[in-house]
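What follows is the structure in structure tokens.
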């Protein structure tokens, strides 16, 4: 009898998100109770601008992912016997299947077209026709978006990110291609990068888009992958084979954890940000990236290599654990006088706040900005940079602060 079948015979041992059902339910109930007490009894929201719904959703998400991967899982994967490693791999496979089994639907009017790309399950998400016709594309505008989902390279997929990708399609008026790239720990980063290259080449070779007509977009680990893919294409195929725009949503710029700023902002914002409850997941990712050239994008060499790439827009929240990484990149870009990078900081927002479009208006505002950028990258970047100069305080030139209305 399989382990799964045995657990089904004993409901107390059924695991969801790596924990017994009773424990997960208790963590979620505790999180919700804390929000109610904080807001309704003490009248002290965790962050003044957060609605009840936004705060509850962030706390619920934090409870959901906290403890999913344990320190023991990471240690066994790195140093355990073959049998112990297999058990961890099996646990991760089951977790990945469960996490990616559900998600929110696309926005009304958007259309879905499942397909296969280089042996990977994939999906085209197209905006309603009215949005496609009504969003004017600039002379340098992109014609398609390759979206690379986040999830620390160990979880998530098309299902979990379908609504977010639909938002990108609607605000930009462009079709979005999403692919199910391989995940760690069964895969290593070279495998994932290879999948991303195959998806990009599919758009260029099979769909007929020029490389400069393809935009790369990705959140968290997907943002890291989008940037790494562009750098890899420049190095291996030349500047003419690189994308026309890159949009990073809270990109994980330093998965290796080499930067002191990574640790400082993690400690500062883990109380607010839902990913603050998942440090072990980050450690598992480190194993699959160890020693890789792109394990951290926060190096002078890679920032210099970004010169000559397409316009790059990065959006982050100033209450997220990865905020310090974005600010370090901004300082490096200033030092290197990198003209093609712009970073928008959204006040009091958490990691990939774009996912919470029903909870915070800042998500919708950010996605509208992204749509404007994807339609005309160079012009949008110039306008954003001009606005930044007008309102600049003591911060890097490439950084723009956006507060709630």
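Numbering (my numbering), first residue to last: 57 to 461. Note that beta-carbon positions come from the ideal geometry of N, C-alpha and C, so glycine has one too. If you're wondering where the values come from, they're calculated on a predicted model, not measured in any experiment.
Considering just the uninterrupted stretch of the beta strand (DSSP E) at residue i, what are its terminal residues?
i           : result
residue 331 : Careful: residue 331 lies outside any beta strand (DSSP E) and carries neither H nor E.
residue 226 : Segment 214 to 228 is the alpha helix (DSSP H) holding residue 226; no beta strand (DSSP E) there.
residue 275 : 270 to 275
residue 382 : Where residue 382 is concerned, there is no enclosing beta strand (DSSP E), although the alpha helix (DSSP H) it sits in stretches over 379 to 391.
Between which two residues does the alpha helix (DSSP H) carrying residue i extend?
i           : result
residue 167 : From DSSP, residue 167 is part of no alpha helix (DSSP H) but of the beta strand (DSSP E) over 167 to 173.
residue 398 : It is not in any alpha helix (DSSP H) - residue 398 instead sits in the beta strand (DSSP E) that spans 397 to 402.
residue 234 : Per DSSP, residue 234 belongs to no alpha helix (DSSP H); it is in the beta strand (DSSP E), 232 to 235.
residue 301 : No alpha helix (DSSP H) holds residue 301; the beta strand (DSSP E) holding it covers 301 to 305.
residue 132 : 127 to 135
residue 241 : Segment: none, residue 241 is in no alpha helix (DSSP H) and carries neither H nor E.
residue 427 : 417 to 431
residue 353 : From DSSP, residue 353 is part of no alpha helix (DSSP H); its letter is neither H nor E.
residue 111 : 108 to 121
Can you tell which of the options has its C-alpha closest to the C-alpha of residue i?
i           : options            : result
residue 452 : 393, 438, 433, 406 : 393
residue 145 : 419, 344, 301, 440 : 344
residue 80  : 122, 97, 96        : 122
residue 234 : 388, 371, 86, 274  : 274
residue 226 : 93, 425, 438       : 425
residue 153 : 357, 271, 211, 110 : 211
residue 297 : 288, 305, 304      : 288
residue 267 : 250, 247, 290      : 290
residue 214 : 245, 171, 230      : 171
residue 246 : 100, 351, 407      : 351
residue 413 : 440, 223, 141, 459 : 223
residue 379 : 338, 307, 432, 423 : 307
residue 166 : 182, 177, 369, 151 : 182
residue 438 : 385, 386, 369      : 369
residue 85  : 113, 383, 98       : 113
residue 102 : 279, 216, 325      : 325
residue 329 : 89, 99, 106        : 106
residue 340 : 411, 295, 299, 244 : 244
residue 292 : 279, 361, 391, 353 : 361
residue 337 : 204, 241, 348      : 241
When you compare only the Cα positions, how much space is there between residue i and residue j?
i           : j           : result
residue 436 : residue 429 : 5 Å
residue 396 : residue 283 : 13 Å
residue 320 : residue 185 : 46 Å
residue 265 : residue 257 : 9 Å
residue 239 : residue 262 : 25 Å
residue 455 : residue 202 : 25 Å
residue 95  : residue 253 : 47 Å
residue 402 : residue 327 : 18 Å
residue 156 : residue 335 : 21 Å
residue 310 : residue 208 : 11 Å
residue 457 : residue 417 : 16 Å
residue 389 : residue 371 : 15 Å
residue 158 : residue 221 : 15 Å
residue 434 : residue 374 : 25 Å
residue 470 : residue 277 : No statement about residue 470 is possible, as the shown extent of the chain runs from 57 to 461 and does not include it.
residue 355 : residue 398 : 18 Å
residue 59  : residue 126 : Unreliable placement is indicated for residue 59, whose pLDDT of 49 sits below 50; the coordinate value is still reported in the next sentence. Each residue's Cα considered, the two are about 19 Å apart.
residue 137 : residue 128 : 13 Å
residue 77  : residue 440 : 47 Å
residue 116 : residue 415 : 13 Å
residue 83  : residue 118 : 9 Å
residue 198 : residue 134 : 42 Å
residue 219 : residue 139 : 38 Å
residue 6   : residue 269 : No information on residue 6 is available, as it lies outside the stretch 57 to 461 that the chain covers here.
residue 342 : residue 108 : 35 Å
residue 160 : residue 151 : 18 Å
Give a yes or no on whether the C-beta atoms belonging to residue i and residue j are separated by under 9 Å.
i           : j           : result
residue 332 : residue 366 : no
residue 180 : residue 163 : no
residue 174 : residue 255 : yes
residue 206 : residue 120 : no
residue 271 : residue 200 : yes
residue 148 : residue 237 : no
What is the DSSP secondary structure of residue i, reduced to helix, strand or coil?
i           : result
residue 456 : strand
residue 103 : coil
residue 180 : strand
residue 310 : coil
residue 441 : helix
residue 204 : strand
residue 372 : strand
residue 265 : coil
residue 149 : helix
residue 164 : coil
residue 360 : helix
residue 90  : helix
residue 85  : helix
residue 288 : helix
residue 298 : coil
residue 199 : coil
residue 255 : helix
residue 408 : coil
For chain C, find out if any of its Cβ atoms is closer than 9 Å to the Cβ of residue i; answer yes or no.
i           : result
residue 307 : Going by chain labels, chain C is absent from the structure shown, which holds only one protein chain.
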